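S.K.:
Chains as they are written, first to last, in my numbering: chain A, 2 to 729; chain B, 2 to 729.
What follows is the structure, given as structure tokens:
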């Protein structure tokens, strides 16, 4: 055993210990006034209740999938699935908890110190708990799976022995367990994202549609009955949802590389390309160790901000500093990892077996290409959605012509914004492939996510600050406090754009790597790897696959709209039936609104979430592996487009509205008809960018993973083959 | 020479003679009052002026493309390109002309007779001129190309001789000329659709945004300065645009089958699959003859309506009758054609050479599958967009919650509606392939379009009636007349939904057939035909290709919005600067509005139209044939989705608004806030369904055709290969 593997458990334990330290550190801070405490507690109770509901559904789904998996594939995979689901669920739960503790403490710190630097630290400390849990739990689970199932497997492979299951099918246990682990993470991520996304946007839209548009009261006004539900939504959607989303991306990127390496090994054995078990071990080790050093680097980066004495006046600079330190340290340590792992290998062997054209540093270069691609894609997202640039300014100006042209212009902006990221993605694939073969493509995905702990920490800081602002408003703290939390919040919006670039970029690359593994899984080792689009089955699959993300997105939008309409009805009812709410003499019934959001989200999340799991498997059992191959490629391509389209259109509408609110267009500020039109745009964009876009990232990976797991079975047993045999 | 080929020229001449007869028949009818005559003349002058402008641009583009083609490919193809462009331009021009004569005569007939049946006949007679021109000119051009370049070529092929051009590259003249012919039709169609689409929607949106929303005057009100431009738009967009669009679809479907047959012949020769030159001739003949009998059948169908004595009171029934007679006769005659052409062939030979699994009738069955698929896809379009079904009713009800939820719900509806047509399309591909091989897939496309003359006649009847209503309104004819034209108009909307199903379905299938020919073109004959999506070049191409239709759609939407905004400004200016317009004492300046639409459309149409021609060629010369293969599949899949999405979302918004206007939702009729919200939805949907959707159909075919033409060159000369050679 290479001792470098111990780095993985070291990094995981270090991160989780650091997370615990920060958790306790935040929790022992004072909550502030009684009113603040009361509101915070209402939010916390609401969030916990929802997560409990949601996890109850999850347990059932995971149990069913695990049992099916154990029966038709292997019990190893089923255990790994449960471990993966557990890790992801833990990360989401802890992150949600700390966010509901940190929010009120952020407002209180602002109230007590009136110092932006000190306040930022509290919010970031809270966010770092989520970030560290994502990295820590992901690696902990991977380590466990590796320790249980990863040993001695290379020897097994040399004699081409494999596990035979109840149905008499042969499996490669290690790749199956890794796929199972990744699938477990994906399922939880899907439910957390979809459930949380519906919850948060239903509450948000419901609150806005009546509050802002009809009653003309500001956001987070305590007179709005939906306002607590709205704040609960931030914690379950933007914190827990985001956390388990990025955990699954992280796991997906790492494991796609490992699984791919395994299949390349089998291929190499059949074709005598010179890949030894030793080299296989190295290929398995590299992404694990790279992730481990990345996590350690993120601990350093996070600590560099938390233990800094003199904070600047600009939170954006401080937060970027933490990310840059993390990313830079990751790259340096990663270079060392590449040297330690691949150093001394023969260039020619690396080239023939793996397609490395730049020697031992090839996978490191591929990872760097991934990071660069992620940064550029993020920059384009910023270009299209920030008010510093023309597209969003033009969109804001379109609001002067009314809501129809605002929508039209936003749709056009989102559609046009797809091209640049796709060119970067396409170029990245070609480059990474030429440097380090298909393994390089998955390393590019891993590179994008290697410092995910830092980006999640910064991303989580956003909704915590948003909540802190809400609490400040509801507890009627003075304007200066609200100003501090608003500054914190707006910084969070900017950092989110770059995060989206990494999410969609890494999702696409990891899905492609998984797709290659999928093809390896059912093609005889040694044959050319082909997914031929001219095959009518593959072609039909690609067309149906292309429609899947559209169906999925449409269902999600409709789910949000449905839940939001119920919320609108309830808020309208309360305004009508409880007199005195609007003049502040009567207290609205927050609890009913929270219940409506919860029930709506739980009720609506099941069908779209299960779609991604069931459709590829069902299609596989009916039409066979070629069809599903086409299905995967069609849905991946269309998901990439829809994710970019929804993310950028939604972001631009949101910021276009803010641009108008700052009074940048003379004579058309807050409350003008132009502002009303911009609010319509923002409301339309909300579910697109916060529910649909992020869920699509998971959608493509869950489909690839579940297909990869199931193809061993449906390649042997499917209806079309059966009919063919009966006829022929 | 098989004498059946004479059927083609017979059908073409018959159709064109019938068209001339109907043209003269319409023209000699009286125009009505002086005011009607004056308005009609303004519309006619505006439309003619625009078409002249547009064709000037077209002449330049076609000349440039032809010269480049003559130099880098063959002069044969350049000549065919010019013939194709000429045929398409003629059809568009004649159709536009007759529409501007027929419109006023329809209103006058309604005024004089007050008889809906008699009025329908005038409108349909006008529409039939467009339909007959589409079929007639398309086949006339094909016959000319076949007579000039199609003779003796099979002999050439047997000795595998081919034409050698200036660059020393070998070409197959006949397939090149057919591709050139199809490309010529496509280029004109693209400009007519894009230019006309921008024109009509800019005028429409401009007129509505100020007229309906701000000044609260009804549609087609003579006080609205943009109203003549709006009516001109119907003629240049919905008539000329639609006509050349469907002409290019028709030609694309027929020629894709012929080109494919040619490549299959070469393949068969290399692999000794038993395809003789005789069988090749049959495969070339079949789509031509099928199209010819389809055209003859349509003449019968059209005559059956025009010469019918007792019209029913329901125009829908009469029009459907004409279509059913045409389709039914086409199928019966087509069966005869299959018997005459493939009859007596050995089943085993047909099976091994072409993949026919049902003997001589295989291609006819494939065509029938295509027709069935088109009907079902159209039925789904109707399900999603008609107020008779739940989706649109639900959308209409969402308007009660304001414009944001109207938009959200419409987006969801459009996205969800992609799945069903894609399943039908995928199923159709699998079935057609299993019945008649890849040739069968293109025959399915041809089947969908075989009675295109009848559908275009009915489709053109729509905008003529729409215009007739506008003229009635502007000439202040009494309500009864308007009622008749309104009935005619609403029937047109229903028939349009099914037409869309055929357009996108046939477009997708024809594009796929062209893609296969594309692959044959650069792969050595006799090798397996593979477009491997696992190749990183193909994969990168697919991702970039997926973004292309989004970019294209975004540009089109923006172009419409830009032109519409200029129109809004002008209408507002006139209302302000010319007092008395609104109370009817002063006449608005219609001419300036017409000029704005014209200039806007001409200015904005160039970039998106050229995108489709230039991008695949440029990518080919840089990245080579594999990349472009990926590009084509990516853009085809995404175009299918976007075309369905935009068509159905736009249609549902439009009809949702109409549903509210009928007063179906109690207490929320015309003028209510719900109606205002529905109007916003309709305005957003207009450019989506009438500009973006139809243009996407052409987009995928023009890209496939231009790639097919250019691949002979860029397969040999491209940057990546060059760099590879320099490095290696």
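Just so you know, even glycine gets a beta-carbon here, dropped at the ideal spot from N, CA and C. All values derive from a computational prediction rather than experimental measurement.
In chain A, which residues lie less than 9 Å from residue 533/B when you measure between Cβ atoms?
M.R.: On the second chain, residue 533/B is found 532 positions in, with the first residue counted as 1. Chain A residues near residue 533/B: 529, 530, 531, 532, 533 and 534.
S.K.: So, at 8 Å on beta carbons, what are the nonlocal neighbours of residue 304/B in its own chain, with the 5 sequence-adjacent residues on each side left out?
M.R.: Residue 304/B sits at position 303 when you count from the first residue of the second chain. Excluding sequence positions up to five before and after residue 304/B, its CB lies within less than 8 Å of the CB of 19, all in the same chain and listed in chain order.
S.K.: Excluding sequence positions up to five away, which residues of its chain have a Cβ less than 7 Å from the Cβ of residue 679/A?
M.R.: As a position in the first chain, residue 679/A is number 678, starting the count at 1. These residues qualify, in order along the chain: 397, 400, 407, 657, 658 and 661.
S.K.: With the cut-off set at 8 Å, would you say residue 433/A and residue 445/A are in Cβ contact?
M.R.: Position 432 of the first chain, counted from the start, is the residue given in the question as residue 433/A. Position 444 of the first chain, counted from the start, is the residue given in the question as residue 445/A. Yes, the Cβ-Cβ distance between residue 433/A and residue 445/A is below 8 Å.
S.K.: DSSP state of residue 158/B, grouped into three classes?
M.R.: On the second chain, position 157 is the one that residue 158/B refers to. In this prediction, residue 158/B has a pLDDT of 49, which is less than 50 and means its spatial position is unreliable; what the coordinates show is noted afterwards. It is helical.
S.K.: Is the CB-CB distance between residue 185/A and residue 296/A below 8 Å?
M.R.: Stepping through the first chain from its first residue, residue 185/A is reached at position 184. Stepping through the first chain from its first residue, residue 296/A is reached at position 295. No.
S.K.: Less than 8 Å separating the beta-carbons of residue 363/B and residue 128/B?
M.R.: Along the second chain, one-based indexing puts residue 363/B at 362. Along the second chain, one-based indexing puts residue 128/B at 127. If you check the CB distance, residue 363/B and residue 128/B do not come in under 8 Å.
S.K.: Skipping 5 residues on each side, what residues in its chain have a beta carbon closer than 6 Å to that of residue 51/A?
M.R.: One-based indexing of the first chain puts residue 51/A at position 50. 237 and 599.
S.K.: In its own chain, which residues sit with a C-beta less than 6 Å from the C-beta of residue 183/A, not counting the 5 before and 5 after it?
M.R.: By one-based count along the first chain, residue 183/A stands at place 182. Correct list, in chain order: 252, 253, 256 and 706.
S.K.: How many angstroms separate the CA atom of residue 115/B from the CA atom of residue 26/B?
M.R.: For the purposes of this step, residue 115/B is identified with residue 114 of the second chain, where counting begins at 1. For the purposes of this step, residue 26/B is identified with residue 25 of the second chain, where counting begins at 1. Near 20 Å, if we compare the C-alpha coordinates of residue 26/B and residue 115/B.
S.K.: CB residue 322/B to CB residue 334/B, shorter than 8 Å?
M.R.: Translated into positions along the second chain, residue 322/B becomes position 321. Translated into positions along the second chain, residue 334/B becomes position 333. Cβ atoms of residue 322/B and residue 334/B: not closer than 8 Å.
S.K.: When you check each C-beta in the region 314 to 333 of chain A against every C-beta of chain B, which residues fall closer than 9 Å?
M.R.: none
S.K.: I want to see whether chain A comes within less than 8 Å of residue 224/B, judged by CB atoms only; does it?
M.R.: The residue labelled residue 224/B in the question sits at position 223 within the second chain. With 8 Å as the cut-off, residue 224/B does not count as an interface residue toward chain A.
S.K.: Closer than 8 Å, Cβ to Cβ, to anything on chain A: give me those residues from the region 392 to 410 of chain B, in chain order.
M.R.: Listed in sequence order: 399, 402, 403, 404, 405, 406, 408, 409 and 410.
S.K.: With residue 241/B and residue 193/B assumed to form a contact (beta carbons below 8 Å), what rounded beta-carbon distance in angstroms separates them?
M.R.: In the second chain, the residue the question calls residue 241/B occupies position 240. In the second chain, the residue the question calls residue 193/B occupies position 192. Between residue 193/B and residue 241/B the Cβ distance is about 5 Å, and since that is below 8 Å, they are a contact.
S.K.: Classify residue 628/A: buried if its beta carbon has 16 or more other beta carbons within 10 angstroms, exposed otherwise.
M.R.: The residue labelled residue 628/A in the question sits at position 627 within the first chain. It counts as buried.
S.K.: Taking the continuous alpha helix (DSSP H) assigned at residue 421/B, which residues delimit it?
M.R.: Translated into the one-based positions of the second chain, residue 421/B becomes position 420. Here the alpha helix (DSSP H) through residue 421/B covers 420 to 450.
S.K.: How would you label residue 271/A, buried or exposed, when you count the other beta carbons within 10 angstroms and need 16 or more for buried?
M.R.: In the first chain, the residue the question calls residue 271/A occupies position 270. Burial call: exposed.
S.K.: In the DSSP assignment, find the unbroken alpha helix (DSSP H) run with residue 115/A in it and report its ends.
M.R.: Residue numbering aside, residue 115/A sits at position 114 when the first chain is read from its first letter. Neither: residue 115/A is in no alpha helix (DSSP H) and is coded neither H nor E.
S.K.: With DSSP as the reference, label residue 521/A as helix, strand or coil.
M.R.: Translated into positions along the first chain, residue 521/A becomes position 520. Helix, per DSSP.
S.K.: Does any residue of chain A bring its CB to less than 8 Å from the CB of residue 464/B?
M.R.: Position 463 of the second chain holds residue 464/B. Cβ-Cβ to chain A under 8 Å: no for residue 464/B.
S.K.: In the DSSP assignment, find the alpha helix (DSSP H) that holds residue 732/B and state where it starts and stops.
M.R.: Nothing can be reported for residue 732/B, as the shown portion of chain B is limited to 2 through 729.
S.K.: Residues of the region 545 to 568 of chain B in Cβ contact with chain A at a cutoff of 7 Å, in chain order, please.
M.R.: Taking 7 Å as the Cβ-Cβ cut-off against chain A, the residues of the region 545 to 568 of chain B that qualify are 545, 547, 548, 551, 552, 554, 555, 556, 558, 559, 562 and 566.
S.K.: Can you tell me where the alpha helix (DSSP H) holding residue 587/B begins and where it ends?
M.R.: One-based indexing of the second chain puts residue 587/B at position 586. Counting along the chain, residue 587/B falls outside any alpha helix (DSSP H), and DSSP gives it neither H nor E.
S.K.: Is the beta carbon of residue 430/B closer than 8 Å to that of residue 540/A?
M.R.: The sequence position of residue 540/A within the first chain is 539, counting from 1. The sequence position of residue 430/B within the second chain is 429, counting from 1. Yes, they are a contact pair.
S.K.: Helix, strand or coil: which one does DSSP assign to residue 138/A?
M.R.: Walking along the first chain from the start, residue 138/A turns up at place 137. Three-state result, residue 138/A: helix.
S.K.: Between residue 232/A and the rest of its own chain, which residues show a CB-CB distance below 7 Å, the 5 nearest in sequence each way excluded?
M.R.: Start at 1 with the first residue of the first chain, and residue 232/A comes out as number 231. Excluding positions up to five away in sequence, the list reads 44, 468 and 471.
S.K.: Name, please, each residue of chain B whose Cβ falls closer than 8 Å to the Cβ of residue 543/A.
M.R.: Taking the first residue of the first chain as 1, we reach residue 543/A at position 542. Going along chain B in sequence order, the residues near residue 543/A (Cβ under 8 Å) are 634 and 638.
S.K.: Just reading off the alpha helix (DSSP H) that residue 341/A is part of, what are its end residues?
M.R.: The count along the first chain starts at 1 and reaches residue 341/A at position 340. Segment 316 to 343, the alpha helix (DSSP H) holding residue 341/A.
S.K.: Hey, out of 402/A, 292/A and 728/A, whose CA is closest to residue 142/A's CA?
M.R.: By 1-based counting over the first chain, the position of residue 142/A is 141. If we check each option's Cα against that of residue 142/A, 292/A comes out closest.
S.K.: What is the DSSP secondary structure of residue 172/A, counted as helix, strand or coil?
M.R.: Your numbering for residue 172/A matches position 171 in the first chain. Strand, per DSSP.
S.K.: Consider the Cβ of residue 351/B: report whether some Cβ of chain C lies at a distance smaller than 8 Å.
M.R.: The structure shown contains no chain C; the protein chains it does contain are A and B.
S.K.: Reducing DSSP to helix, strand and coil, say where residue 308/A ends up.
M.R.: Here residue 308/A corresponds to residue number 307 of the first chain, with the count starting at 1. Of the three classes helix, strand and coil, the one that applies to residue 308/A here is coil, per DSSP.
S.K.: Is it right to say residue 61/B is buried, meaning 16 or more other beta carbons lie within 10 angstroms of its own, or is it exposed?
M.R.: Locating residue 61/B in the second chain gives position 60, counting from the first residue. Classification for residue 61/B: exposed.
S.K.: Which partner residues does residue 164/B have in the DSSP bridge list?
M.R.: As a first step, residue 164/B must be located in the second chain, where it is residue number 163. Answer by DSSP bridge pairing, in chain order: 172/B.
S.K.: If you draw a straight line from the C-alpha of residue 669/B to the C-alpha of residue 676/B, how long is it?
M.R.: Here residue 669/B is taken as the residue at index 668 of the second chain, counted from 1. Here residue 676/B is taken as the residue at index 675 of the second chain, counted from 1. Going from the Cα of residue 669/B to the Cα of residue 676/B covers about 7 Å.
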